[in-house]
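Here is the structure we will look at, set down as structure tokens.
Protein chains: 2
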Amino acid sequence: MLRYLYPMRTFLIVAGDVKKPNPMTADWVTPLSFNPQLVGIAIGKSRYTRRLIEEQGDFVIAVPTIELLRDVWLAGSVSGARENKVERMSLTFIKSKKVKAPSIKECAANIECRVVNSFETGDHIFFVGEIVNVTASDAFKNDTPDIANYKFVMHVGRGPNFTYQSDELIKL
Amino acid sequence: MLRYLYPMRTFLIVAGDVKKPNPMTADWVTPLSFNPQLVGIAIGKSRYTRRLIEEQGDFVIAVPTIELLRDVWLAGSVSGARENKVERMSLTFIKSKKVKAPSIKECAANIECRVVNSFETGDHIFFVGEIVNVTASDAFKNDTPDIANYKFVMHVGRGPNFTYQSDELIKL
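Protein chains in written order, with my numbering: chain Z, 769 to 940; chain X, 769 to 940.
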């Protein structure tokens, strides 16, 4: 019944480090607090990303643009525990400023988060991260994102008809 | 720094009962678990809606369409504690099936939730709700929402340039 909340924005959660980065596609991302600046992400309990975040205590929320759709798709459909999905991607992983988890050069923004809390919520773990640094493209130089030029990614639904959408629907 | 996650989907959180409904606009909404079906909403600590949800233990996430933009705007800018904002709206509040908090007839979907947990996250309370019932329009009759016909609402940013967007940008 969660599909009634869709379409949702799609992000890349980056765990690991710059030598062994592990990006994962995630829709279940939300701001939680203005002061302190907190965000929350729900990660499936059996996910490799969950283990990496628990071990390292940090993660990056990278904001992909529609040009990165193929990589977003790969990050969401291949497990980093089973194969090195990064090799199949065209993304460039670079050092973040304040956390060990890397940023993605091609993304519109990289939100660096340190885990300050986590809760079990059903079949997921909900990590609460404090934002400790952000790097971003010109699309974010004003108070509101420049959506005329910045083509963000949305996820329409689960199942065999997985589709992603920016300002126009793109069928894979 | 939360603005890097925007634009975000915008929903109406309905608290109270059908005699005294209190709708509030909220972007900070996320799925949390497939089994059980859980969703999370972050509500400002000082909000009237927070008190209502804590007292009653349930809420409805109503999914507005772009046609309801004026009401979405009102629900997000007027406090239900200070005035009866519902009187200024054109929304029809109807009984929900499984919770006391009412549904909104004009919305594309009404997701009825019972609070199963809550956490303090900075200046907000994060309520975890189990979905106990959903009523929805034909836009949701397939596995993926019918976004060709269903014009959902997005929120671009905070501050003086508050704007909402569906598939085309609408300036208020």
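Backbone N, C-alpha and C define an ideal beta-carbon position, used for all residues, glycine too. All values reported here derive from a predicted model rather than from experimental measurement.
Using three-state DSSP, classify residue i as helix, strand or coil.
i, result
"L780 of chain Z", "strand"
"G927 of chain Z", "Reliability fails at G927 of chain Z, whose pLDDT of 48 lies under 50, so the model's placement of it is uncertain and the value that follows must be treated cautiously. Note: G927 of chain Z maps to coil in three-state DSSP."
"S858 of chain Z", "coil"
"R882 of chain Z", "strand"
"D795 of chain X", "coil"
"L940 of chain Z", "The predicted model places L940 of chain Z with a pLDDT of 35, which falls under 50 and marks its position as unreliable; any figure quoted below should be read in that light. Coil, per DSSP."
"I899 of chain Z", "strand"
"D935 of chain X", "In this predicted model, D935 of chain X has a pLDDT of only 37, less than 50, meaning its place in the structure is not dependable enough to derive any value."
"F827 of chain Z", "strand"
"I809 of chain Z", "strand"
"S871 of chain X", "strand"
"S845 of chain Z", "helix"
Beta-carbon separation of residue i and residue j under 8 Å?
i, j, result
"S871 of chain Z", "A830 of chain Z", "yes"
"V782 of chain X", "T798 of chain Z", "no"
"G848 of chain Z", "Y816 of chain Z", "yes"
"T833 of chain X", "Y774 of chain X", "no"
"G812 of chain X", "P804 of chain Z", "no"
"V840 of chain X", "V921 of chain X", "yes"
"V924 of chain X", "T778 of chain Z", "no"
Kindly say whether residue i, judged by its beta-carbon, lies nearer than 8 Å to any beta-carbon of chain X.
i, result
"R815 of chain Z", "no"
"V786 of chain Z", "no"
"R818 of chain Z", "no"
"V921 of chain Z", "no"
"I862 of chain Z", "no"
"I899 of chain Z", "yes"
"A877 of chain Z", "yes"
At least one CB of chain Z closer than 8 Å to the CB of residue i: is that the case?
i, result
"D826 of chain X", "no"
"A904 of chain X", "yes"
"L780 of chain X", "no"
"P832 of chain X", "no"
"P775 of chain X", "yes"
"I872 of chain X", "no"
"S801 of chain X", "yes"
So which residues on chain Z does residue i lean against when the C-beta distance must stay under 8 Å?
i, result
"G808 of chain X", "T798, G808, A810, T889 and F894"
"I821 of chain X", "Within 8 Å Cβ-Cβ: nothing; I821 of chain X doesn't reach chain Z, min ~16 Å."
Going by Cα to Cα distance, which pick from the options is closest to residue i?
i, options, result
"K788 of chain Z", "Z:N901, Z:E851 and Z:V921", "Z:E851"
"T903 of chain X", "X:V828, X:D914 and X:F894", "X:V828"
"L820 of chain Z", "Z:M922, Z:S858, Z:G784 and Z:I899", "Z:G784"
"H892 of chain Z", "Z:R777, Z:G808 and Z:I879", "Z:G808"
"V900 of chain Z", "Z:S886, Z:L780 and Z:S864", "Z:S864"
Could you work out which residues of chain Z lie near residue i, taking near to mean beta carbons separated by less than 7 Å?
i, result
"V883 of chain X", "None at all; the shortest Cβ gap to chain Z is about 13 Å."
"N852 of chain X", "None at all; the shortest Cβ gap to chain Z is about 27 Å."
"N917 of chain X", "By Cβ distance, chain Z contributes nothing, its closest Cβ being about 12 Å from N917 of chain X, past 7 Å."
Closer than 9 Å by beta-carbon distance: list the chain X residues that pair up with residue i, in chain order.
i, result
"P791 of chain Z", "Going along chain X, no residue has its Cβ under 9 Å from P791 of chain Z, so there is no contact; the nearest lies around 17 Å."
Please compile the residues from chain Z whose C-beta is within a distance smaller than 9 Å of the C-beta of residue i.
i, result
"G925 of chain X", "N910, D911, T912 and P913"
Find the residues of chain X that neighbour residue i, judging by a C-beta separation of less than 8 Å, and give them in chain order.
i, result
"R771 of chain Z", "F908, D911, T912 and P913"
"A843 of chain Z", "Within 8 Å Cβ-Cβ: nothing; A843 of chain Z doesn't reach chain X, min ~18 Å."
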